[in-house]
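Written below as structure tokens is the structure these notes are about.
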Amino acid sequence: MNWRDTVRTATEAVRTHRLRSALTMLGILIGITAVILTVGLGNGAKAQVRDQINELGTNLLVVSPGSTTSSSGLRGGLGSSSTLTRQDAASLADSAVAPDIQAVAAVSTSSVSLTNGTTNWTTTLTGTTKSWQEVRSRKVTSGRFLTDADQQSSAAVVVLGSSTATELFPTGGDPVGQYVTYNGKQLKVVGVLAELSSSEQTTNNDLAIVPASTYSQRLIGGTTRDSVSSIYVKATSSDTLSAAYQEANGTLLNLHGITASSSADFSIATQESILTAATSVDKTLTVMLGGIAAISLLVGGIGVMNIMLVSVTERIREIGLRKALGAQPRFIRRQFLVEASVLGFFGGLLGVGIGLIGAVVLPHLTDTRVILSAGASAAAIAMAIGIGVMFGVYPASRAARLAPIDALRNE
Amino acid sequence: MNAPPVIELVDVAKTYASGSLEVHALQGITLTISEGEFVAIVGPSGSGKSTLMHILGCLDVPTSGAFHLAGDDVASFGEDQLAEVRNRHIGFVFQQFNLLAYLSAWRNVELPLVYSGVDRHERKERALAALAQVGLADRADHKPGELSGGQQQRVAVARALVTEPALILADEPTGNLDSTSTADILNLLDDLHRSGRTIVLITHEADVAGRAERLVQIHDGHVVATGPALVGA
């Protein structure tokens, strides 16, 4: 008996017992769908994080205050007072000091509530300078960005993120030229930032930018007027990113009078390192979800075994007859094994199909991205067949071991 | 008659262990059946004729004694070899027909050929020829459920014929049939006998046994009488 006949016989048996086959496949289907979607969600989340981080700009370094490697335990997290200042940023921007740094933007942020008439919206108020636009590679759809003149005169002007603009001006129309109020102070909207496609819900689109001088002198104030939340540094190119890192590090250590870089009171992160940190969290989640998917596949496999055992018992006469007609035990074993793997294959195929549908539907229901790969889908189908074979072995060998007379005698 | 006999049993015994009890189903059967013979094995239930049929059909092996089938020493064969012998040398006709309900008539008939590795086209050709021989050429695509009992048994006979076996073994082939269909199947067996086939028929009905050339009577695991059949007995 050749393989073609075996496969034909097995598919006929699967087709004959339609309901039972469908129920068996359901177990495999759910498992494979779970696997496909888990992998897809994991990839989607990774891509989403990567895009968000890429949206920060290109060839970017982020300098944050505080110590990352505290040995004394006294440093790091020193309350509200930041160790970074606008003078630090100014020094980094000096091309004589740091030739590989193209532009620098110091940023102070705080969460504030802006109002427009009766409309109220909480957003991230960002105090920075003209260079922010270049460093973060952002465009303005309407109006203009901040200018040096705004900075010098501490002008009461604001540039809104696209979603902030939508929230504060829900009736539509161009917000440019209109006013929003913060804490009783009026700010004139001079520009709206272009939307970044991948992150409607993030601070990349929801923010309000004011001149640094306005931020520290007129709006937020406080005792540490010179301190900033972070400094964005843009290297001249991706090749000079590493050199820019060294220059920034050396300059800041020097300015802060620190000799050992291990006791630095700031940290510099690259986009790459931020990405790694962010995705490691996702990886844990993906592994966990994958584990759940694997368990559901296992349950599906046990379902296959269960049904195949029932099938062997129910078709005991058929087995006896086939043996009487000259089927050797290995042909019987093979037939049931192929039957189990046919169930696995179609279950897997349907599972991938449902997974594909899920990958299209899910992003519409929740704000998650699902990225399916052909490789993962093929692997899932192979896995489904493997499960069919694995859990078909025992029922198949039971069928093969039946004595023909016992099988024929069975009523 | 120089060809070896189709069946040669010498002092064959079969003992089953049934719990602590030993059941001596066959106790020293010696029997020779030559090519072209039509033999009926008769006996009451419990006489051991089913056990004898299982051994003749290579579905079971004797506990002791020698059994040659078409020249092969079958008593020493393993499971795979027995499957091959059944496939090549024996055509079964069962009381219960034992057709697969989900396959059409010709697909049922081709089954033994599937296991002997005959290619698809030849299988179909031979299956259709065998169906024509039992007068069911026009029913080849019908499923067993769409055929009468007599027709189903004729499909089973076609399946027994399709490998051109040395022996056709019919176990109570008319046990589930009405009198018209019974006559039908017995006439078919007569025809096959006339065309030179070796047929062993196992039955407990005297008029069915009467069709055979020779009668072998089994009682309590022994052959009690063997001789020409008395027509109409």
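Protein chains in written order, with this note's numbering: chain G, 1 to 411; chain L, 412 to 644. Every residue, glycine too, gets a C-beta built ideally from N, C-alpha and C.
Between the beta-carbon of Ser458/L and that of Asp631/L there is about 6 Å, and that keeps the pair under the 8 Å contact cut. Under the three-state reduction of DSSP output, Leu442/L falls in the strand class.
For Gly386/G, the uninterrupted alpha helix (DSSP H) run begins and ends at 374–401, by DSSP. With respect to chain G, the C-beta atom of Asn498/L has a partner C-beta closer than 8 Å.
Residues of chain G whose Cβ lies closer than 7 Å to the Cβ of Ser527/L are, in chain order, Gly326. Per DSSP, the beta bridge partners of Lys188/G are Val157/G, Tyr179/G. Here Val176/G really is in contact with Ser142/G; their C-beta atoms are around 5 Å apart, less than 8 Å. Apart from sequence neighbours up to five positions away, the residues of its chain that approach Thr426/L with a beta-carbon distance below 6 Å are Glu433, His435, Thr474, ordered along the chain.
Around the beta-carbon of Met288/G, fewer than 16 other beta-carbon atoms lie within 10 Å, marking it exposed. According to the DSSP assignment, Ile354/G belongs to the alpha helix (DSSP H) that extends over 329–365.
At least one CB atom of chain G sits nearer than 8 Å to the CB of Ala494/L. Neighbours of Leu470/L across chain G, judged by C-beta separation under 7 Å: Ala324, Pro404, Ile405. For Leu321/G, the chain L residues whose C-beta falls within less than 9 Å of its own C-beta are Phe503, Phe505, Asn509, Leu510, Leu511, Leu522, listed in chain order. For Phe331/G, the closest Cβ of chain L is nearer than 8 Å.
Counting only the Cα atoms, Leu219/G lies some 11 Å from Thr181/G. Each residue's CA atom was taken as its position, placing Ala194/G and Arg138/G some 7 Å apart.
Under the three-state reduction of DSSP output, Ala581/L falls in the strand class.
If you check each beta-carbon in the region 536–561 of chain L against every beta-carbon of chain G, none falls closer than 8 Å. In the three-state reduction of the DSSP assignment, Pro523/L falls in the helix class. For Asp631/L, no Cβ of chain G is located within less than 8 Å of the residue's own Cβ. Annotated three-state conformation of Ala424/L is strand, per DSSP. Excluding five sequence positions before and after Arg537/L, the CB atoms of its chain that fall closer than 6 Å to its own CB belong to Val573, given in chain order. Apart from sequence neighbours up to five positions away, the residues of its chain that approach Glu419/L with a beta-carbon distance below 6 Å are Thr443, His479, ordered along the chain.
Excluding residues up to 5 positions away in sequence, Leu253 lie with their Cβ nearer than 8 Å to the Cβ of Thr259/G in the same chain. Leu470/L is positioned such that its CB atom lies closer than 8 Å to that of Pro404/G.
Taking 8 Å as the upper bound for CB-CB distance, Leu597/L and Val611/L are not in contact here, some 14 Å apart. Residues of the region 6–18 of chain G with a Cβ closer than 7 Å to any Cβ of chain L, in chain order: Glu12, Thr16. In the three-state reduction of the DSSP assignment, Val233/G falls in the strand class, which pools E and B.
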